[in-house]
Amino acid sequence: MKAYRWNGPDSGLQLQDIAVPQPSTGEVLIQVEACGLCHSDCHIISGPGGAWIQQRPITLGHEVAGKVITLGEDVSEVQIGDRVAVALIAPTGGIGLNYDGGYAEYVVAPVKYLESIPENVSFEQAAVATDAITTAYHAVVTEGGVTASTNVAIVGLGGLGSVGLRIAVLQGAMVYGFDIDNRKFDAATRDGAKACFSRLEDAKDIVFDVVVDFVGITSTMAAALKAVKRSGRIVLTGLGGEQLTLPTFDIVYNSVEIRGSLGGTKEELRTVLALISAGKLNPTLEEVPFGKINESLCRLESGQASGRLFSKPTLA
């Protein structure tokens, strides 16, 4: 089968022919129907994210949905033909991180990580739900604690942030969007944002209970410290900068809580799949050719992708 393999920063991501894997006890073989492209893979291929990888060489791709085609021993939870998404269990690892992932025609996954896909949810929607949408949900709801009584700032309206904004709206919060690209404002307003601004500093008359930073650079975090209320919360999920330099006085004097947020849980994946099924979440998707995964990841890294990219494993 065809698979995109990575063996360290010097190897790049290479399309290779490898054997179709076979499931062991408690595992299943899945025919990949869609695999989302994630900015984390850009960090892995050429940056510090390589430290996350626990197997080399490895097939990358951690947003996976497909059909079960072979059962390993002692598997009774699913049947051949079932439509499943593979939950990404961070930070302990998971598919495409500590075992082979979905930039391939087939993958093996432990049955305990599988979540059934609702009938009216597409494979591509389910694929991006495993990480991008679940990550946004976890950041906003679990770490941010956003509810109907919350004034929340969503910083960065890209693939993750735009979903995070919609989730905050579904929570009933008063939601404001922030991005240096004002072309994203119309979509954010349609999704329920009260208002949008280029910078947190431009919303100086608004005091936020929670700021969720999907960018993660010193300037956005320093601005968040100025914008959040006393004893407020900042959730950092963006990885835009390897290191941050922040004013300690603002953190200490205002008793600001800063939380990191990574990934989500299988239960949260089930929740976001239900939201998609109910029509409450409708992620913007763009299919890219399987033969152009590398070029598409470069687009993603340079910020030239709107919404979430996905590919189907065929060279046709």
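Taking this note's numbering, I'd label the letters of the sequence shown as residues 54 to 369.
For every residue, glycine included, the Cβ atom is placed at its ideal position computed from N, Cα and C.
Check	Outcome
Neighbour-count burial assignment, T337, 16 or more Cβ in a 10 Å radius	exposed
Beta-carbon proximity check, L292 vs M274, cutoff 8 Å	no
Continuous alpha helix (DSSP H) assignments of at least 4 residues falling wholly in the region 59-88	none
Enclosing alpha helix (DSSP H) for I98 [first to last residue]	H92 to S99
Segment limits, alpha helix (DSSP H) that includes L319	In the sequence under discussion, the amino acid at residue 319 is Lys, which differs from the Leu named in the question. Residues K319 to S330.
Nearest-angstrom Cα separation, counted from M54 out to I83	13 Å
CB of C88 within 8 Å of CB of G114, strictly	yes
Contacts around A369, its chain only, beta-carbon distance under 6 Å, and the 5 residues preceding and following it disregarded	With a pLDDT of only 48 at A369, under 50, the local geometry of the prediction cannot be trusted, and no value is derived from it.
Local conformation of D184 per DSSP, three classes	helix
Classification of A201 by the beta-carbon crowding that lies within 10 angstroms, buried from 16 upward	exposed
Nearest-angstrom Cβ-Cβ length linking L218 and A182, presumed shorter than 8 Å	In fact, because the Cβ distance is near 16 Å, the residues do not count as touching under 8 Å.
Own chain residues within Cβ distance below 7 Å of E126, not counting five before or after	T78
Three or more C-beta pairs below 8 Å linking the region 344-357 and the region 167-186	no
Exposure of P62, with buried meaning 16 or more beta-carbon neighbours within 10 Å	exposed
Within 8 Å, strictly: CB atoms of L90 and L362	yes
Inter-residue spacing [alpha-carbon to alpha-carbon] between A327 and S93	25 Å
Alpha carbon of A72 to alpha carbon of E168, nearest angstrom	26 Å
The alpha helix (DSSP H) enclosing N347, as first and last residue numbers	I346 to E354
Coil, strand or helix - A369 by DSSP	Caution is warranted here: a pLDDT of 48 is assigned to A369, below 50, making its placement in the model unreliable, and the coordinate value is therefore given only provisionally. Reduced to three states, the DSSP call for A369 is coil.
Closest Cα partner of L150 within the set E354, R109 and D135	R109
Segments assigned alpha helix (DSSP H), at least 4 residues, entirely inside the region 272-326	301-306
Nearest-angstrom Cβ-Cβ length linking A280 and F261, presumed shorter than 8 Å	5 Å
Simplified DSSP state of T203, which is helix, strand or coil	coil
Integer-rounded CB distance, given that P74 should sit under 8 Å from Y159	7 Å
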